[in-house]
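Trainee:
Protein chains: 2
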Amino acid sequence: MIFRQLFDHKSSTYTYLLAERAGGEALLIDPVDENTDQYVRLLNALDVKLVLAVDTHIHADHVTALGSLAAKTDCVTAMGEASGVECVSVRFSEGEKLRVDNLHLDILYTPGHTDDSYSFLLPDRVFTGDTLLIRGTGRTDFQNGDPAAQYDSLFGKLLTLPSDTFVYPAHDYNGMTVSTIGEELRHNPRLQVGSRQAYIEQMNALDLKDPELMDIAVPANRCCGIRAAA
Amino acid sequence: MIFRQLFDHKSSTYTYLLAERAGGEALLIDPVDENTDQYVRLLNALDVKLVLAVDTHIHADHVTALGSLAAKTDCVTAMGEASGVECVSVRFSEGEKLRVDNLHLDILYTPGHTDDSYSFLLPDRVFTGDTLLIRGTGRTDFQNGDPAAQYDSLFGKLLTLPSDTFVYPAHDYNGMTVSTIGEELRHNPRLQVGSRQAYIEQMNALDLKDPELMDIAVPANRCCGIRAAA
Numbered sequence: 004m005i006f007r008q009l010f011d012h013k014s015s016t017y018t019y020l021l022a023e024r025a026g027g028e029a030l031l032i033d034p035v036d037e038n039t040d041q042y043v044r045l046l047n048a049l050d051v052k053l054v055l056a057v058d059t060h061i062h063a064d065h066v067t068a069l070g071s072l073a074a075k076t077d078c079v080t081a082m083g084e085a086s087g088v089e090c091v092s093v094r095f096s097e098g099e100k101l102r103v104d105n106l107h108l109d110i111l112y113t114p115g116h117t118d119d120s121y122s123f124l125l126p127d128r129v130f131t132g133d134t135l136l137i138r139g140t141g142r143t144d145f146q147n148g149d150p151a152a153q154y155d156s157l158f159g160k161l162l163t164l165p166s167d168t169f170v171y172p173a174h175d176y177n178g179m180t181v182s183t184i185g186e187e188l189r190h191n192p193r194l195q196v197g198s199r200q201a202y203i204e205q206m207n208a209l210d211l212k213d214p215e216l217m218d219i220a221v222p223a224n225r226c227c228g229i230r231a232a233a
Numbered sequence: 004m005i006f007r008q009l010f011d012h013k014s015s016t017y018t019y020l021l022a023e024r025a026g027g028e029a030l031l032i033d034p035v036d037e038n039t040d041q042y043v044r045l046l047n048a049l050d051v052k053l054v055l056a057v058d059t060h061i062h063a064d065h066v067t068a069l070g071s072l073a074a075k076t077d078c079v080t081a082m083g084e085a086s087g088v089e090c091v092s093v094r095f096s097e098g099e100k101l102r103v104d105n106l107h108l109d110i111l112y113t114p115g116h117t118d119d120s121y122s123f124l125l126p127d128r129v130f131t132g133d134t135l136l137i138r139g140t141g142r143t144d145f146q147n148g149d150p151a152a153q154y155d156s157l158f159g160k161l162l163t164l165p166s167d168t169f170v171y172p173a174h175d176y177n178g179m180t181v182s183t184i185g186e187e188l189r190h191n192p193r194l195q196v197g198s199r200q201a202y203i204e205q206m207n208a209l210d211l212k213d214p215e216l217m218d219i220a221v222p223a224n225r226c227c228g229i230r231a232a233a
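Protein chains in written order, with this note's numbering: chain A, 4 to 233; chain B, 4 to 233.
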């Protein structure tokens, strides 16, 4: 498998490129609009053809590259059914798969950070979006976020995966690139609260500022990042 | 194998943690002083014991954590013989190995960025310091840098490795985390010049500013990052 983790310095977003083999098909997860040319150069260097670009959810902190990639590569774009966005080629649901050649990623619906948050699972790794971060979890105070739903997504789904499953989140702010389910279960401070109610109270007490780009990014991302001409 | 790539946002440095197994010994390559506590937390979380901390060379852009890690963990510290530094426990040479449990990394002397630059090799990956970067090479205009020596280190050693060898550099400024020897041979613009002389001329024409921290970092790193009390 070809696997690349790319980091957007401005928004601390991780983008993932996956392909089964050189000469084959590729998938991008959570691409950032401003890095579109970098992705295209890398796809060419790796000799893979982008066939699918997906977002784990409607991001509030950066503009998605789904639209720009579709324009430059003719890839299919996809987001979850719960996103309600009209701009993508396909809307997926839990139980379906993302397919590029013989790589098949299981789709899990993992709401909580937003009501349209999904995770994508391979046998040895899971792409958790903003649901499960390294030593953290995504905030739940906007875009129909819901700490109770997040608790259920975490403890009912993601954290039931084998403990050596690698965790690849959509962001990290502390220079960490990967973790495992077992490591997060034991060492993620947000997961040590002991009950669903305590988790809800913890998340409701966070009192965070809105992301800087939120008023630009959310409307842009509902249109796959294709911003109306001025 | 346990393998973690860690990113220091301030200096865009990559630090690598390697261990054969949980419960065993660990190695850190190019740790950054300010992140010492993060490394100690991660070592504990992964249940590994730091036995060895090394720098690929005397860095000019950040202060090494070799001294602070030795103080906190009793690890052995090591740098190359060509560094001439007195503060480390061990000075290694080309042909020797870094050993943590049954992980044995071959040591290659790869001068050019500095005259004390080394690379460390496992069967499937190489840690190239500032000698080979992703789509770049380390500058050669200070600390006895030498573009001719760098050309020889690149074309005589690193680029002769199998083309699917993963390249893990000490820095990246563009959000890339890994590459391969084959990819760099084909797509690294610095490596497309065609001759040793053209490579030397290319490097001598770069005209870069000194790193911001150079006057602090280089003297500090000659003492393993242990700065004299004010």
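Glycine included, C-beta positions come from ideal geometry on N, C-alpha and C. The structure displayed is predicted, hence computed values, not measured ones.
At what residues does the beta strand (DSSP E) containing residue 208 (chain A) begin and finish?
Mentor: Premise fails: residue 208 (chain A) is in no beta strand (DSSP E) and is neither H nor E.
Trainee: Using only the alpha-carbon positions, how far apart do residue 218 (chain B) and residue 214 (chain A) sit?
Mentor: Straight-line Cα distance between these residues: approximately 37 angstroms.
Trainee: Kindly indicate the opening and closing residues of the beta strand (DSSP E) around residue 107 (chain A).
Mentor: Residues 106-112.
Trainee: Going along the chain, which residues of the stretch 170-193 of chain A sit with their C-beta nearer than 8 angstroms to a C-beta in chain B?
Mentor: Cβ contacts with chain B: 177, 178, 179, 180, 181, 186, 189, 190.
Trainee: Sort out for me which residues DSSP pairs residue 174 (chain A) with in a bridge.
Mentor: In the DSSP output, where bridge partners are listed per residue, residue 174 (chain A) has A:16.
Trainee: From B:42, B:16, B:113, pick the residue whose C-alpha is nearest to that of residue 50 (chain B); which is it?
Mentor: Minimum Cα distance to residue 50 (chain B) is reached at B:42.
Trainee: In angstroms, rounded to a whole number, what distance separates the CA positions of residue 25 (chain B) and residue 224 (chain B)?
Mentor: So the alpha carbons of these two residues sit roughly 30 angstroms apart.
Trainee: From residue 109 (chain A) to residue 97 (chain A), what distance separates their C-alpha atoms?
Mentor: Each residue's alpha carbon lies about 8 angstroms from the other.
Trainee: Check residue 77 (chain A) in the structure and name its three-state DSSP category.
Mentor: Coil, per DSSP.
Trainee: Throw me the rounded Cβ distance for the residue 114 (chain B) and residue 149 (chain B) pair, which I believe falls under 8 angstroms.
Mentor: Indeed, because the Cβ distance is near 7 angstroms, the residues count as touching under 8 angstroms.
Trainee: Name, going along the chain, the residues of the stretch 10-23 of chain B whose beta-carbon falls closer than 7 angstroms to a beta-carbon of chain A.
Mentor: Result list: 10, 11, 12.
Trainee: If I'm right that residue 38 (chain B) touches residue 11 (chain B) with Cβ under 8 angstroms, what's the distance once you round it to whole angstroms?
Mentor: About 6 angstroms; that satisfies the 8 angstroms criterion.
Trainee: Check distances from the C-beta atoms of the stretch 48-77 of chain A to those of chain B and list, in chain order, the residues that come in under 9 angstroms.
Mentor: Those would be 48, 49, in chain order.
Trainee: Only counting the same chain, and skipping five residues up and downstream in sequence, which positions put a Cβ closer than 8 angstroms to that of residue 27 (chain A)?
Mentor: Here the set comprises 51, 52, 103, 104.
Trainee: Among the residues of its own chain, which have a CB less than 6 angstroms from the CB of residue 191 (chain B), if the five just before and after it don't count?
Mentor: Answer for residue 191 (chain B): 138, listed in chain order.
Trainee: Residue 195 (chain B): which of B:140, B:227, B:75 sits nearest, CA to CA?
Mentor: Checking every option, the nearest Cα to that of residue 195 (chain B) belongs to B:140.
Trainee: Does DSSP put residue 8 (chain A) in a helix, in a strand, or in coil?
Mentor: Looking at residue 8 (chain A) - three-state DSSP - the assignment turns out to be strand.
Trainee: How many Å lie between residue 145 (chain A) and residue 117 (chain A) at the Cα?
Mentor: So the alpha carbons of these two residues sit roughly 7 angstroms apart.
Trainee: Please tell me whether residue 8 (chain B) has its Cβ less than 7 angstroms away from any Cβ of chain E.
Mentor: The structure shown has no chain E; the protein chains it does contain are A and B.
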